[in-house]
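Visitor: The numbering of the sequence shown is our numbering, which starts it at 926 and goes up by one. Glycine is no exception: its CB is placed at the ideal position from the N, C-alpha and C atoms. Sharing a structure with you now.
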Amino acid sequence: MSENVSARDIAAVAAQLGREPRGLHEVGHRCPCGNPDVVTTEPRLPNGTPFPTTFYLTCPRAASRIGTLEGSGLMKEMQDRLATDPELAAAYARAHERYLAAREALGSAPEIAGISAGGMPDRVKCLHVLAGQALAQGRGVNPLGDEVLDALGDWWSSGPCVEVAESVPDAGADADTGTDDSGETAGPA
């Protein structure tokens, strides 16, 4: 686990997800409120399961708004444009390659080699993934992720989605291994 993940971050992500996070590598992006809104996850969860979603959107408020966008037909409209706009398709394919490179930098999981997430490189299946990549890797990497962020609006404007104490006890976690004193996994996403 990266040094940029504090006990408070883990508590915030657990509150956002309603469960302890698994495979958490680092905070991929922070909401303007200060809480994580995207976490970067290891390509293999602690139990050995391959996990292709490197940039996992954790903010329930953003996730809810994105769910509304998915229900509005935005994915179909994006998919239709991918089929007819070669420049968009090429940029989306590059986003796929950037996603794969980021995951490979974290470790190898041969079972998911070449598979990114969200339908990339030629389909649009999950706007949450596209937004997560756009937040974690920055605007200009995934054009459709940027469009999702533009349509999303200021999801943080009403304040933090979860409240977490500023000082959260470490509960015995060993920062080097991500395990507690008993050897059990301490919590990553």
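For residue 1061 and residue 1021, what's the separation of their Cα atoms in angstroms?
Guide: Along the sequence shown, read from residue 1 onward, the residue named residue 1061 stands at position 136. Along the sequence shown, read from residue 1 onward, the residue named residue 1021 stands at position 96. Between residue 1061 and residue 1021, the C-alpha separation is close to 14 Å.
Visitor: Taking all protein chains shown into account, do 16 or more other C-beta atoms lie within 10 angstroms of the C-beta of residue 947, making it buried, or fewer, making it exposed?
Guide: Position 22 of the sequence shown, counting from 1, holds the residue named residue 947. Per the 10 Å Cβ criterion, buried.
Visitor: Give the DSSP-derived three-state secondary structure of residue 1023 in the structure shown.
Guide: Sequence index remark: in the sequence shown, residue 1023 carries index 98 (1-based). Helix at residue 1023.
Visitor: Please state the DSSP three-state secondary structure of residue 1028.
Guide: In the sequence shown, residue 1028 corresponds to position 103, counting from 1. Three-state DSSP puts residue 1028 in a helix.
Visitor: Ignoring anything shorter than 4 residues, give me the alpha helix (DSSP H) runs that lie fully in the stretch 986 to 1071, in order along the chain.
Guide: If we require 4 residues or more, the alpha helix (DSSP H) runs fully inside the stretch 986 to 1071 come out as 999 to 1009, 1011 to 1031 and 1052 to 1062.
Visitor: Keeping to the same chain, check which residues put their C-beta closer than 6 Å to that of residue 1107; ignore five residues upstream and five downstream.
Guide: For the purposes of this step, residue 1107 is identified with residue 182 of the sequence shown, where counting begins at 1. Reliability of the predicted coordinates at residue 1107 is poor, the pLDDT of 36 falling under 50, and no value is obtained from them.
Visitor: How many Å lie between residue 1079 and residue 1067 at the Cα?
Guide: Mapped onto the sequence shown, residue 1079 falls at position 154. Mapped onto the sequence shown, residue 1067 falls at position 142. Taking the straight line from one Cα to the other gives about 19 Å.
Visitor: Give the C-beta separation of residue 984 and residue 1010 to the nearest angstrom, bearing in mind that I take them to be a contact with Cβ-Cβ under 8 Å.
Guide: Within the sequence shown, residue 984 is the residue found at index 59, counting from 1. Within the sequence shown, residue 1010 is the residue found at index 85, counting from 1. With a contact defined as Cβ atoms closer than 8 Å, residue 984 and residue 1010 miss out at about 30 Å.
Visitor: If you check the beta carbons only, do residue 1057 and residue 980 fall under 9 Å apart?
Guide: In the sequence shown, residue 1057 corresponds to position 132, counting from 1. In the sequence shown, residue 980 corresponds to position 55, counting from 1. In contact: residue 1057 and residue 980 (Cβ atoms closer than 9 Å).
Visitor: With the cut-off set at 9 Å, would you say residue 1007 and residue 955 are in Cβ contact?
Guide: On the sequence shown, residue 1007 is found 82 positions in, with the first residue counted as 1. On the sequence shown, residue 955 is found 30 positions in, with the first residue counted as 1. Going by C-beta atoms, residue 1007 is not nearer than 9 Å to residue 955.
Visitor: Return the Cβ separation of residue 1024 and residue 1038 in integer angstroms, given the expectation that the two are a contact with Cβ distance under 8 Å.
Guide: By 1-based counting over the sequence shown, the position of residue 1024 is 99. By 1-based counting over the sequence shown, the position of residue 1038 is 113. Going by Cβ atoms, the distance from residue 1024 to residue 1038 rounds to 13 Å, so no, they are not a contact pair.
Visitor: Across which residues does DSSP place residue 951 in a beta bridge pair?
Guide: Residue mapping note: residue 951 aligns to position 26 of the sequence shown, counting from 1. Per DSSP, 965.
Visitor: Residue 976 bridges to which residues according to DSSP?
Guide: Here residue 976 is taken as the residue at index 51 of the sequence shown, counted from 1. For residue 976, which the question treats as bridged, DSSP gives no partner whatsoever.
Visitor: So, helix, strand or coil for residue 982, using DSSP?
Guide: Reading the sequence shown from its first residue, position 57 is the one you call residue 982. Secondary structure of residue 982 (DSSP, three-state): strand.
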